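Each remark here refers to the structure printed beneath this line.
There are 2 protein chains.
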Amino acid sequence: MTTPTFDVLISEVGPRDGLQSVKATMATADKFRWIDALVVAGLREIEVCSFVSPKLLPQMADAAEVVRHALTHPGITVMALVPNLRGAEAALRSGVHKLTIPCSASEAHSLANVRKSRQDMVEEVRAIVRLRNDIAPGVKIEAGLSTAFGCTIQGEVTDDDVVWMAERVVAAGVDEAGLSDTTGMANPAQVRRLFTRVRAAIGDKTGAAHMHNTRGLGLANCLAAYDVGVRTFDSSLGGLGGCPYAPGASGNVVTEDLVFMFEAMGISTGVDIEKLIAAREPLQAGLPGEPIYGMTPLAGLPKGWVGVNHS
Amino acid sequence: MTTPTFDVLISEVGPRDGLQSVKATMATADKFRWIDALVVAGLREIEVCSFVSPKLLPQMADAAEVVRHALTHPGITVMALVPNLRGAEAALRSGVHKLTIPCSASEAHSLANVRKSRQDMVEEVRAIVRLRNDIAPGVKIEAGLSTAFGCTIQGEVTDDDVVWMAERVVAAGVDEAGLSDTTGMANPAQVRRLFTRVRAAIGDKTGAAHMHNTRGLGLANCLAAYDVGVRTFDSSLGGLGGCPYAPGASGNVVTEDLVFMFEAMGISTGVDIEKLIAAREPLQAGLPGEPIYGMTPLAGLPKGWVGVNHS
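Following this line, the structure appears as structure tokens:
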């Protein structure tokens, strides 16, 4: 049996990015049901939790347990977010396949989000890489360059600042560096320009596009990233989540609409949209009353829809 | 004094497409206030009404009066939709600058929407062109090829069908033929392919992209159209409107988000976003309780926003 290959990888961030952005805490058993439904829909990479102080984020207190459950699904990549060395150690010991470390391209956002300068954050990344090499050498590490397209605190973030940070984290040993539109300020021209510049600087270590739909441009920005060679896209089911430390920012790209766009274009994702829409049920059951988004689930699939043929 | 030129033309369709899609009828004086606010925001082309039987669409009973008011604004192009020769005659006598005629690319939609086959519709267009040549030769005529990207009744619409219709209406004498995603089924790959094919067939007579946001792809499809040379885009303030004869379809592209996307990319529209957002007030005052959409008005403009410099 051969593993099917797909044109793009949708990295589902809802169980981490979504759940840590809402006030309510989803029960552990509900998280399991939701993650199971995401796997059934065909998602192959899921950011299932973050390893942070449960005092700061009680929503993530069951992180190790959630990882343990996710690891029972063969064939998927189980990711966790870690903001520092302490979180990384817990994550690595939990058995995750991949870590993502948020690293602000904006100095002001870095200080507000993790209370570290960008240079200090690079040193933290270096320490995490060293620990990974010692105790879990098979685990991949991604740096997610947040506020890469603009910052609600300092305003503009220059392309040079982003490229500088991408080069530093790669030099510190990460396997890939992605670009995050934390604040929903990206536009398609900037996405094309910046991913092209970052790729020129760090080549195949260029990672995912993590776009927000704050001003409605989420899918247009994903299209723009695809146009310049990006093949991994972060999104969250029902558009749950955003960045609690970037005031006024909200709205991850909706996985359902993103998958619809790519599949309609003939670009295979490996995801079954009908099963993906069904995965909204456990999400809603586990977070009663929480608003979720998405146009494709409301409109339904077009008449005659077949998606990409994977036969 | 020279007239400033801009990179793209945003053709605001709200007062026609939006108002004829909602049940309530906006009072004539409220329409005037709304249109005035749209002009103040810098919109240069506005589809202000349709000339149809007031029994079918009481929302448009004041069409001639609305045109008369819109014509008091110098420098804007006043458009009206006409479904047939009778409407065209009334529109031409009202003094509009431009007519748009919906012409379905799908035979099934054509029969449902105007009770004519596509060939019969081409003959109607020919008769309208003849009348225009006789009584108002300065007026431009656009055919809007509806269901160009798919039909909720017949499903797929082939590219050949769309090109066939584009060639026929141009042969019948229209000045331009645009493509409408009436049913929200378009995807960016299809938009690029189909506009490129239509341009190969009818050249500079290729008209506007009229995209819907039914499945969240409205802006991505506008970006795709821009990429292949389209420079006129239909949208409606607050995303008001859709197509009442295409069940399940809804949601014009939101003018506020479309203008934000282009201006953020450095593509000038001539529209002032803050004044555009202010134009939502008369719209809401004239249609109390009617839901309107748009992400940019909710999120606000990004810190440090300047838009495109028109100095």
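Each protein sequence line maps, in turn, to chains R and G.
Number 259 in my numbering belongs to position 204 of the first sequence; there are no gaps in the numbering.
Number 118 in my numbering belongs to position 63 of the second sequence; there are no gaps in the numbering.
Here a beta-carbon is modelled for each residue, glycine too, at the ideal position from N, C-alpha and C.
The model shown is predicted, which means the values in this text are computed figures rather than measured ones.
Three-state secondary structure (DSSP) of G/Ala135: On the second sequence, position 80 is the one that residue 135 of chain G refers to. Under the three-state reduction of DSSP, G/Ala135 is assigned to strand.
Residues of chain R with CB under 9 Å from G/Val309, in chain order? Looking up residue 309 of chain G in the second sequence gives position 254. Going along chain R in sequence order, the residues near G/Val309 (Cβ under 9 Å) are Gly271.
Could you compute how far the alpha carbon of G/His124 sits from the alpha carbon of G/Phe87? In the second sequence, residue 124 of chain G corresponds to position 69, counting from 1. In the second sequence, residue 87 of chain G corresponds to position 32, counting from 1. Approximately 7 Å between the Cα atoms of the pair.
If contact means a Cβ-Cβ distance below 7 Å, which residues of the region 307-334 of chain G contact chain R? Against chain R - using a Cβ distance shorter than 7 Å - the residues of the region 307-334 of chain G are Val309, Asp312, Phe315, Met316, Ala319, Met320, Gly321.
Per DSSP, which residues does R/Val309 bridge with? Please list them. Counting from 1 along the first sequence, the entry for residue 309 of chain R is found at position 254. DSSP lists R/Ser291 as partners of R/Val309.
Taking 9 Å as the threshold (beta carbon to beta carbon), is G/Val338 in contact with chain R? As a first step, residue 338 of chain G is located in the second sequence; it is residue number 283 there, counting from the start. Checking the displayed sequence, the identity of residue 338 of chain G turns out to be Leu instead of Val. For G/Leu338, the answer is no, since every Cβ of chain R falls outside 9 Å of its Cβ.
Compile a chain-ordered list of the residues in the region 200-213 of chain G whose CB is closer than 9 Å to at least one CB of chain R. Within the region 200-213 of chain G, the qualifying residues are Gly205, Cys206, Thr207, Ile208, Gln209, Gly210, Glu211.
Where does R/Thr261 fall in DSSP's three states? Numbered from its first residue, the first sequence carries residue 261 of chain R at position 206. The DSSP-derived three-state label of R/Thr261 is strand.
Name the residue from R/Val137, R/Asn276, R/Glu311, R/Thr287 whose alpha carbon lies nearest to the alpha carbon of R/Arg71. Translated into positions along the first sequence, residue 71 of chain R becomes position 16. Looking from the CA of R/Arg71, the closest CA among R/Val137, R/Asn276, R/Glu311, R/Thr287 belongs to R/Val137.
With H, G and I counted as helix, E and B as strand and the rest as coil, what does DSSP make of R/Val103? The sequence position of residue 103 of chain R within the first sequence is 48, counting from 1. Looking at R/Val103 - three-state DSSP - the assignment turns out to be strand.
With distances taken Cα to Cα, identify the nearest neighbour of G/Arg148 among G/Phe106, G/Ser323, G/Pro157. Taking the first residue of the second sequence as position 1, residue 148 of chain G is located at position 93. Closest option to G/Arg148, judged by alpha-carbon separation, among G/Phe106, G/Ser323, G/Pro157: G/Phe106.
Please report the Cβ distance between R/Ala221 and R/Ala256, rounded to the nearest whole angstrom; I am assuming they are in contact, meaning their Cβ atoms lie under 8 Å. Within the first sequence, residue 221 of chain R is the residue found at index 166, counting from 1. Within the first sequence, residue 256 of chain R is the residue found at index 201, counting from 1. Contact between R/Ala221 and R/Ala256 holds: CB atoms are separated by about 6 Å, below the 8 Å threshold.
Considering just the uninterrupted stretch of the beta strand (DSSP E) at R/Pro157, what are its terminal residues? Translated into the one-based positions of the first sequence, residue 157 of chain R becomes position 102. In the DSSP assignment, R/Pro157 falls within the beta strand (DSSP E) that extends over 153-159.
Chain G residues whose Cβ lies nearer than 7 Å to that of R/Gly359: By one-based count along the first sequence, residue 359 of chain R stands at place 304. Result: Gly210, Glu211.
Would G/Lys110 be called buried (16 or more neighbouring beta carbons within 10 Å of its own) or exposed? Counting from one through the second sequence, the residue named residue 110 of chain G turns up at place 55. Burial is judged here by how many other beta carbons sit within 10 angstroms of a residue's own beta carbon; G/Lys110 has fewer than 16 and is exposed.
Under a CB-based cut-off of 9 Å, is R/Met266 close to chain G? For this step, residue 266 of chain R is matched to residue 211 along the first sequence. Taking Cβ atoms only, chain G never reaches closer than 9 Å to R/Met266, which makes this a no.
Given G/Leu200, which residues of its chain have a CB within under 7 Å of its CB, disregarding the five upstream and five downstream residues? Your numbering for residue 200 of chain G matches position 145 in the second sequence. Only Cys158, Ala160, Val217, Met220, Ala221, Ala232, Gly233, Leu234, Ser235 meet the Cβ criterion.
Residues of chain G with CB under 8 Å from R/Pro243, in chain order? For the purposes of this step, residue 243 of chain R is identified with residue 188 of the first sequence, where counting begins at 1. Result: Leu278, Met316, Met320.
In three-state terms, what does DSSP make of R/His124? The residue you call residue 124 of chain R lines up with position 69 of the first sequence. In the structure shown, R/His124 adopts helical secondary structure according to DSSP, grouped into three states.
By the 8 Å beta-carbon criterion, what residues does the region 158-169 of chain R contribute toward chain G? So nothing in the stretch comes that close.
Between the CA atoms of R/Ala135 and R/Ser66 - distance to the nearest angstrom: By 1-based counting over the first sequence, the position of residue 66 of chain R is 11. By 1-based counting over the first sequence, the position of residue 135 of chain R is 80. Approximately 12 Å between the Cα atoms of the pair.
Those runs of the alpha helix (DSSP H) which lie wholly inside the region 224-249 of chain G and span at least 4 residues: Fully enclosed alpha helix (DSSP H) runs of no fewer than 4 residues are not present anywhere in the region 224-249 of chain G.
Reference G/Asp175; option with closest CA among G/Ala146, G/Val63, G/Leu140: The residue you call residue 175 of chain G lines up with position 120 of the second sequence. In terms of Cα proximity to G/Asp175, the closest of G/Ala146, G/Val63, G/Leu140 is G/Leu140.
Does R/Gly239 get closer than 9 Å to chain G when you measure Cβ to Cβ? The residue given as residue 239 of chain R occupies position 184 in the first sequence. Output row for R/Gly239: interface = yes.
Within chain G, the residues that R/Leu274 reaches when beta carbons sit closer than 8 Å: In the first sequence, the residue the question calls residue 274 of chain R occupies position 219. Near R/Leu274 (Cβ distances below 8 Å), the residues of chain G are Gly271, Leu272, Leu274, Ala275.
Going along the chain, which residues of the region 87-113 of chain G sit with their C-beta nearer than 8 Å to a C-beta in chain R? For the region 87-113 of chain G, which is checked against every Cβ of chain R, not one residue is closer than 8 Å.
Count the other CB atoms, across all protein chains shown, that sit within 10 Å of the CB of G/Glu179; report buried if there are 16 or more and exposed otherwise. As a position in the second sequence, residue 179 of chain G is number 124, starting the count at 1. Its Cβ being crowded by 16 or more others within 10 Å, G/Glu179 is buried.
Taking all protein chains shown into account, decide if G/Ser108 is buried (16 or more other Cβ within 10 angstroms of its Cβ) or exposed. Position 53 of the second sequence, counted from the first residue, corresponds to residue 108 of chain G. G/Ser108 is exposed by the Cβ-count criterion.
By the 9 Å beta-carbon criterion, what residues does the region 246-259 of chain R contribute toward chain G? Residues passing the 9 Å Cβ filter: none.
Quick one: any contact between the region 310-330 of chain G and the region 270-290 of chain G, if contact means 3 or more CB pairs under 8 Å? Cβ pair count under 8 Å is three or more, so yes.
Residues in the region 340-356 of chain R having any Cβ partner in chain G nearer than 8 Å: Those residues of the region 340-356 of chain R that come within reach of chain G (Cβ to Cβ, closer than 8 Å) are Gly349, Met350, Thr351, Ala354, Gly355.
Just curious, the alpha helix (DSSP H) that G/Glu144 is in, first and last residue? Counting from 1 along the second sequence, the entry for residue 144 of chain G is found at position 89. G/Glu144: member of the alpha helix (DSSP H) spanning 140-149, first to last residue.
Count the C-beta pairs between the region 184-194 of chain G and the region 344-351 of chain R that are closer than 8 Å, then say yes if the count reaches three, no if not. Three or more beta-carbon pairs separated by less than 8 Å are not found between the region 184-194 of chain G and the region 344-351 of chain R, which leaves the two stretches without contact.
Can you check whether the CB of R/Leu313 is closer than 9 Å to the CB of R/Leu74? Position 19 of the first sequence holds residue 74 of chain R. Position 258 of the first sequence holds residue 313 of chain R. Remark: C-beta atoms of R/Leu74 and R/Leu313 do not approach each other more closely than 9 Å.
Looking only at C-alpha atoms, which of R/Ala163, R/Asn188, R/Val169, R/Leu166 sits nearest to R/Lys153? Within the first sequence, residue 153 of chain R is the residue found at index 98, counting from 1. Among R/Ala163, R/Asn188, R/Val169, R/Leu166, the Cα nearest to that of R/Lys153 belongs to R/Asn188.
Among G/Met350, G/Phe250, G/Ala167, whose alpha-carbon lies nearest the alpha-carbon of G/Thr207? Stepping through the second sequence from its first residue, residue 207 of chain G is reached at position 152. It is G/Ala167.
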